[in-house]
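Colleague: Heads up: take any position in the sequence shown, counting from 1, add 119, and you land on my numbering.
Yeah, the Cβ is synthetic: ideal placement off N, Cα and C, and Gly gets one too.
The structure under discussion is supplied below as structure tokens; questions concerning it will follow.
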Amino acid sequence: MTVNGFTFIRNAEKYGYPIEPAIRSILPLCNQVVVAVGNSEDGTRELVASIDPKVKIIDTIWDDSLREGGRVLALETDKAYKALPSNTDWAVYIQGDEVLHEDSIAPLKKSMKQWLDHPKVEGLLFNYHHFYGSYDYIGDPLQWYPKEIRTVKFNSDVFSYRDAQGFRKKPNSKLKVKKVDAWMHHYGWVKEPSKMQAKQETFHKLWHSDDWVAKNVAQAEEFDYSEVRALWKFKGTHPEVMQNLIKEKNWTFDHDISRNSFSIKDNMKRIAAKTLGYIPGEYKNYIEI
Numbered sequence: 120m121t122v123n124g125f126t127f128i129r130n131a132e133k134y135g136y137p138i139e140p141a142i143r144s145i146l147p148l149c150n151q152v153v154v155a156v157g158n159s160e161d162g163t164r165e166l167v168a169s170i171d172p173k174v175k176i177i178d179t180i181w182d183d184s185l186r187e188g189g190r191v192l193a194l195e196t197d198k199a200y201k202a203l204p205s206n207t208d209w210a211v212y213i214q215g216d217e218v219l220h221e222d223s224i225a226p227l228k229k230s231m232k233q234w235l236d237h238p239k240v241e242g243l244l245f246n247y248h249h250f251y252g253s254y255d256y257i258g259d260p261l262q263w264y265p266k267e268i269r270t271v272k273f274n275s276d277v278f279s280y281r282d283a284q285g286f287r288k289k290p291n292s293k294l295k296v297k298k299v300d301a302w303m304h305h306y307g308w309v310k311e312p313s314k315m316q317a318k319q320e321t322f323h324k325l326w327h328s329d330d331w332v333a334k335n336v337a338q339a340e341e342f343d344y345s346e347v348r349a350l351w352k353f354k355g356t357h358p359e360v361m362q363n364l365i366k367e368k369n370w371t372f373d374h375d376i377s378r379n380s381f382s383i384k385d386n387m388k389r390i391a392a393k394t395l396g397y398i399p400g401e402y403k404n405y406i407e408i
């Protein structure tokens, strides 16, 4: 069984992406990790090149004219995917602000072996913790996506979908997947506030025009993390590869959980999840089998 990884990144240092922990977290699974490094304004390429001999860099140029739906993120993902060795059985995907917990390595390996020769299984579905503001808080599961595909059987028909959140198969079919006891930690909303603000001003341009960004993204020196409806205290452990970044954190953020605010729709979702085990009509970019 041959397992390889893939990801993409641009301006990791400028915008505070934990790309080194991200890549290191999947290295124990992979023979090789292909990283599409976009044209950056900092030391991103040098950083990625220093991580491990198993990392293979492909240099890319982002199409900055693409301003709708985060499409450029999917195109960059596809570049890395297509550069994987042809003998790849399973392809493990990770984004630049995601880190796989080491406790997930063993169950993930077990699942890949278990489903390798089952043709109906096209991918594996991971659980998510979405951190916000600091490493101590996670977003409410009903307000963030709770699961997503992060490992696929290598197939030239598989492509990154929309803004690279998940995958589909040509022409436009949802992948059939098995849920795995694996946890991905998403740290995209945990950055030093000035870097978070800079990311907001740039990142929204992947979806919207300059006029929209000027009207809808507040101009500020630092991002205001306080404008959030609901968070919960994180009671688990962070991946070992994240420990240095966590120790280096130089800002404070606290949230009063008693002031969490839920809409009527949120409460209905919560009741449905508890009584039915799922949320009727919930969007899923996959078919769980």
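(1) Taking the alpha-carbon of W308 as reference, which of E241, I213 and S253 has the nearest alpha-carbon?
(2) Tell me the residue span of the beta strand (DSSP E) that contains T179.
(3) What runs of the beta strand (DSSP E), each 3 residues or longer, lie entirely inside the stretch 193–256?
(4) Can you tell which of E165, D208, I257 and R389 has its C-alpha closest to the C-alpha of V122?
(5) Looking only at C-alpha atoms, which of L261, K201 and E311 sits nearest to E401?
(6) Within 10 angstroms of its Cβ, does T371 collect 16 or more other Cβ (buried), or is it exposed?
(7) Look at the Cβ atom of A337, then the Cβ atom of F245, and state whether they are nearer than 7 Å.
(8) When you compare the stretch 143–162 with the stretch 171–179, are there three or more beta-carbon pairs, one atom per stretch, that lie closer than 8 Å?
(9) Any chance you could list the alpha helix (DSSP H) runs of at least 4 consecutive residues sitting entirely within the stretch 293–346, in chain order?
(10) Checking the sheet assignment: what are the DSSP bridge partners for N123?
(11) What does the alpha-carbon distance come out to for the pair E160 and A392?
(12) Using DSSP with H/G/I as helix, E/B as strand and the rest coil, what is R129?
(13) Grab me the residues of P238's own chain with a C-beta within less than 8 Å of its C-beta, minus the 5 sequence neighbours each way, in chain order.
(14) When you compare the CB positions of I268 and Y405, do they come within less than 7 Å of one another, or not?
(15) Return the first residue and the last residue of the alpha helix (DSSP H) that I268 is part of.
(16) Considering A155, what are the terminal residues of the beta strand (DSSP E) in which it resides?
(17) For the putative contact between Y306 and V218, defined by C-beta atoms under 8 Å, what is the C-beta separation to the nearest angstrom?
(18) Could you tell me the boundaries of the alpha helix (DSSP H) in which R348 lies?
(19) Would you call L227 buried or exposed, if buried means 16 or more other Cβ atoms sit within 10 Å of its Cβ?
(20) Looking at the unbroken beta strand (DSSP E) that takes in K366, where does it start and where does it end?
(21) Do you know offhand how far M120's Cα is from K232's?
(22) Among residues of its own chain, excluding the 5 on either side of V277, which ones have a beta-carbon nearer than 6 Å to its beta-carbon?
(23) Rounded to whole angstroms, what's the CA-CA distance from H249 to P204? Just pull it up for me.
(24) Can you pull the DSSP bridge partners for E407?
Modeller: In brief:
(1) S253
(2) First-last of the beta strand (DSSP E) with T179: V174 to T179.
(3) 209–212, 217–219 and 242–251
(4) D208
(5) L261
(6) exposed
(7) Their beta carbons are not under 7 Å apart, which means A337 does not touch F245 by this criterion.
(8) yes
(9) 312–322 and 329–335
(10) A210
(11) 45 Å
(12) coil
(13) none
(14) yes
(15) Element bounds for I268: not the alpha helix (DSSP H) but the beta strand (DSSP E), K266 to K272.
(16) V152 to G157
(17) 7 Å
(18) Where R348 is concerned, there is no enclosing alpha helix (DSSP H), given that its DSSP letter is neither H nor E.
(19) buried
(20) Counting along the chain, K366 falls outside any beta strand (DSSP E), though it belongs to the alpha helix (DSSP H) covering Q362 to E367.
(21) Taking the straight line from one Cα to the other gives about 7 Å.
(22) V271, F286 and K288
(23) 31 Å
(24) Partner(s): V296.
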